[in-house]
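Residue numbers (our numbering): 526 to 637.
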C-alpha cells in the first residue's frame, strides 16, 4: 500500500512553450512552481501519466529521466527540488506542435 501524500501539486497548467534549435526540430516546455517549507519530513515524487516517447524531463536543470514509448513516468525528485522557486522542463523532439502531456503532478510523501 502506498503512503498517502501530505499534498499533491498539480502541474498540468501554465506551461511556457518555446522552440528549441538544439532539438532540431523540437520544443521546450517549462513550468515554474513554488515549494513552502513543511513541519514534517517529506520526499518528493514526480508523476507523469502521459508524454511523447523520447521526452527528456529536467528538474532545476538536472536530467531526471526520459519517457520511453509514451508510458507513464514516476521518479523520486527530492534531491532535485528546492524550497521556494523550482523549474520543471520537458524537452520534446519533433512533436509537430502537439504536446500530449497529462497527469503531471508532484507529491510530497512522508518520510519513513
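Note that CB positions come from ideal geometry on N, CA and C, so glycine has one too.
In this structure, the straight-line span from the alpha carbon of residue 596 to that of residue 579 is close to 10 Å.
Around the beta-carbon of residue 542, fewer than 16 other beta-carbon atoms lie within 10 Å, marking it exposed. Cβ contact annotation for residue 613 (same chain, cutoff 6 Å, sequence separation greater than five): 556 and 584, in chain order.
When 634, 529 and 552 are compared, the shortest CA-CA separation from residue 618 is found for 552. With 16 or more neighbouring CB atoms inside 10 Å of its own CB, residue 633 falls in the buried class. DSSP, read as helix, strand or coil, puts residue 555 in strand. Close CB contacts of residue 540 within its chain, under the 6 Å cut and outside five residues either way in sequence, are with 554 and 556 (chain order).
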